[in-house]
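In my numbering, the protein residues as written are 1110 to 1451. First comes the structure, then the notes that go with it.
Following this line, the structure appears as structure tokens:
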């Protein structure tokens, strides 16, 4: 119900900021956790937030893996949106940089929520990779149909391999930790797992054209800017605004009864379809070389059943809309004089 207090982690990220804006626009009050003071200043100064600062406050949590890290943050909270989790970035220590923060961050906030009687629901940002075996993510799978209730067995274990493998493992293990928490602790609140594929769409926090391709938007920008990948990626995409909308709607206990999980995958495409989309909508930028095109990412195709998601939350924006959003954002920033001098 609008006006109630939502606790949000990960507000400085692509998905988290979109969730923050959507939640404030819906009339909720939000308490957001960040790691540093400068992140508070950045969020407060953003045009999408300025008119909502009266309904927004912050807490600084430097390390979400610490036991009890959220104990002092959840008083008066009705709902929790746990978005914070490590992204797949190169690291020499995947155990401490990816695996532990993903798993302990999840268990930490669940255990803290257990101590607060006012909390009715926790929504967790998971991923499609949490329910799909590593072999299928790398090679595709045309035989099996994966749902939000699928689970990876056996569970992954060290050594974790490269950072992409570690990221996938972290999502599997965090989901398993959530499942075990539900079974063992029988909390007074329900848990909803939101499981998106690659989250595509303009990142409102990015104000530098050179950074538009950071995170999962790199899927689109890499192709548009001529980068060729040799390793296949699981071809599952969803618009960032749909991810935010789903997080928000998942707070509605009448729409979503009890603990559930939802896969978010918009349509059956290949990543390289971005080339034709860009040619269609941005022909001048292609003609003048601003968008050189020529890139490619091999697609590992999967069969994902998102029928329950569509039934519960409505249709999702297609890949065409996602690509348009990212590229339009890039071109708008690229045309700014401040970006041209960077």
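A virtual CB, placed ideally from N, CA and C, is assigned to each residue, including glycine. None of the values given here were measured: they were computed from a predicted structure.
- Leaving aside the five residues that flank residue 1115 on each side, the residues in its chain whose CB is nearer than 8 Å to its CB run, in chain order, 1132, 1137, 1138, 1139, 1140, 1186, 1187, 1188, 1189, 1190 and 1360.
- Each residue's CA atom was taken as its position, placing residue 1261 and residue 1246 some 12 Å apart.
- Collapsing the DSSP output to three states places residue 1380 in coil.
- Under the three-state reduction of DSSP, residue 1159 is assigned to helix.
- Relative to the Cα of residue 1152, the nearest Cα in the group 1123, 1176 and 1298 belongs to 1123.
- A straight line joining the alpha-carbon of residue 1418 with that of residue 1353 spans about 14 Å.
- By the Cβ criterion, the segment 1404-1422 is in contact with the segment 1380-1390, since at least three pairs of Cβ atoms, one from each stretch, lie closer than 8 Å.
- Pairing residue 1283 with residue 1233, the inter-Cα distance amounts to about 10 Å.
- The DSSP-derived three-state label of residue 1426 is coil.
- When rounded, the separation of the alpha-carbon atoms in residue 1400 and residue 1289 is 47 Å.
- Taking all protein chains shown into account, residue 1271 has fewer than 16 neighbouring C-beta atoms within 10 Å of its C-beta and is therefore exposed.
- Fully enclosed alpha helix (DSSP H) runs of no fewer than 4 residues occupy 1272-1294 of the segment 1253-1311, in order along the chain.
- When only Cα atoms are considered, residue 1388 and residue 1220 end up about 50 Å apart.
- The beta carbon of residue 1314 is closer than 6 Å to those of 1126 in its chain, skipping five residues each way along the sequence.
- Cβ-Cβ distances below 8 Å link residue 1112 to 1136, 1137 and 1138 in the same chain, with the five nearest sequence neighbours on each side left out; the list follows chain order.
- For residue 1354, the uninterrupted alpha helix (DSSP H) run begins and ends at 1349-1358, by DSSP.
- Distance from residue 1301 to residue 1368 at the Cβ level is roughly 7 Å; contact confirmed, criterion being Cβ atoms closer than 8 Å.
- Straight across, the Cα-Cα distance linking residue 1410 with residue 1134 is about 36 Å.
- In chain order, 1142 and 1178 place their CB closer than 6 Å to the CB of residue 1170, counting only its own chain and leaving out the 5 sequence neighbours on each side.
- By the Cβ neighbour-count rule, residue 1351 is buried, with 16 or more other Cβ atoms within 10 Å of its own.
- Excluding residues up to 5 positions away in sequence, 1321, 1322, 1435 and 1439 lie with their Cβ nearer than 7 Å to the Cβ of residue 1330 in the same chain.
- In terms of Cα proximity to residue 1183, the closest of 1166, 1429 and 1346 is 1166.
- DSSP places residue 1390 within a helical segment (H, G or I) once states are collapsed to three.
- If you draw a straight line from the Cα of residue 1416 to the Cα of residue 1266, it is about 32 Å long.
- Note on geometry: alpha-carbon atoms of residue 1236 and residue 1281 lie some 9 Å from one another.
- When the five nearest sequence neighbours on each side are left out, the beta carbons in the same chain lying within less than 8 Å of the beta carbon of residue 1212 are those of 1279, 1282, 1283 and 1286, in order along the chain.
- For residue 1369, the enclosing beta strand (DSSP E) stretches over residues 1369-1373.
- Residue 1133 sits in a helix when the DSSP states are folded into three classes.
- Counting of Cβ neighbours within 10 angstroms places residue 1258 among the exposed residues, the total staying below 16.
- Residue 1239 carries a helical assignment under DSSP once its states are collapsed to helix, strand and coil.
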